[in-house]
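Worksheet: one structure, shown below.
Residue numbers (UniProt numbering): 1 to 428.
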């Protein structure tokens, strides 16, 4: 273990990594329930999508573990599955087979870009202040995800967004958050994981954790949807728009997540660079290709990996544990589905606090550095998108440096990103 994952070098232990891997899995396990339901609306077999979701997550996360040695788990991404279903299929009228084809081709292109270090160059080109801002923005973003998943906040309360009455799921989530804070403050090992388990039990009398009669925790997995592609529309402008959107959102969601998680885990160097980032991008690309071949939307790095990092994860060993649990989930679906979002939400909310620490490294005294960072932090939760936060942060950074005569600070890659982001508005 030491030779393979360099545990001592990164100040961790096997026990910490196991706890972190379990925590990450529990924090992102909701995707196994959400993804089949969402893609099932397109006419895809939900049982097959479930199998594809678990398998693609396990395979991609294992590649991340052994190739990149990072505590980052992957699975079909939220947002990308919504675009797949509600925009490409229901909105643009494409079949789900065509949508899968776009995802598959996107993954192939990503593999090529990973080999030629294009994605690595992009992540290095992002200014250090923006990298720290990304970590903070992701913290707020996943805290909002946790609050929304548990029903603590909602948009149908007479205001743009507000707190729901503290009953049922919201109440259980708040209790879970209090437990998480107390355990963490008392420095209890595995505080976040323990809090998830305790909150799950507490949810039973509230009716939030539902245990069926004649409960059987074991079930056999269904067959995935193998190679259901349709290349008939590949050479149309409309298809290119679909492909570009998948491509764009995936690349910057991944960049943002890797930056945020690696910064939180203190794995970056003085310039904010991530170790083995080329291999990390390759894991993402392989996961997307495998996922499309099995029958699911784009696979990407999950911001919920931050929960595992907060629990002590520092190496790929935690990712191995997460991947194993995804494989076990194929056979223990009824068991893991007992854990409600109200029990995992406190972990996401609390990680928001932990990731706020990076804000102290941003120079807000200099508006050219501080304003783009602020915009990045602001946009991510309010646009509900990591990618949008990066887009607006980079645009602000370039414009302010040009206005103040600091053009030499802008790298060639950053200029290319600026132009792409501007063109993106005209390609919508």
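Note that beta-carbon positions come from the ideal geometry of N, C-alpha and C, so glycine has one too.
query: Please name the residue, chosen from 29, 7, 54 and 37, that lies closest to residue 330 on a Cα-to-Cα basis.; result: 54
query: Between the region 278-294 and the region 87-107, are three or more C-beta pairs nearer than 8 Å?; result: yes
query: Excluding sequence positions up to five away, which residues of its chain have a Cβ less than 7 Å from the Cβ of residue 218?; result: 331 and 332
query: Which residues bound the beta strand (DSSP E) around residue 220?; result: Residue 220 -> no beta strand (DSSP E), and no H or E assigned at all.
query: On the CB-based measure, 16 or more other CB atoms within 10 Å of its CB, does residue 126 come out buried or exposed?; result: buried
query: Count the other C-beta atoms from every protein chain shown that fall within 10 angstroms of the C-beta of residue 372, then say buried if there are 16 or more, exposed otherwise.; result: buried
query: Nearest to residue 311 by CA position, among 227, 191, 89 and 119, is which residue?; result: 191
query: Do you know how far the Cα of residue 358 is from the Cα of residue 89?; result: 39 Å
query: Distance check for residue 66 and residue 176, CA to CA, integer angstroms please.; result: 34 Å
query: Could you check the C-alpha separation between residue 256 and residue 320 for me, to the nearest Å?; result: 22 Å
query: What residues in its chain sit with their C-beta under 7 Å from that of residue 275, if we drop five residues either side in the sequence?; result: 267
query: For the alpha helix (DSSP H) containing residue 133, list its first residue and its last residue.; result: 128-149
query: Counting along the chain, where does the alpha helix (DSSP H) carrying residue 237 start and finish?; result: 237-264
query: Pull the bridge partners of residue 163 from the DSSP assignment, please.; result: 153
query: Go ahead and label residue 281 buried or exposed: buried means 16 or more other beta carbons lie within 10 angstroms of its beta carbon, across all protein chains shown.; result: buried
query: Just to confirm, are residue 144 and residue 381 a CB contact at a threshold of 9 Å?; result: yes
query: Considering only residues of the same chain and omitting the five flanking positions on each side of residue 113, which have a CB-CB separation below 7 Å?; result: 119
query: Does the distance from the CB of residue 162 to the CB of residue 342 come in under 9 Å?; result: no
query: Here's the rule: buried if 16 or more other CB atoms are within 10 angstroms of the residue's CB, otherwise exposed. What is residue 316?; result: buried
query: Would you say residue 203 and residue 265 are within 9 Å of each other, going by their C-beta atoms?; result: no
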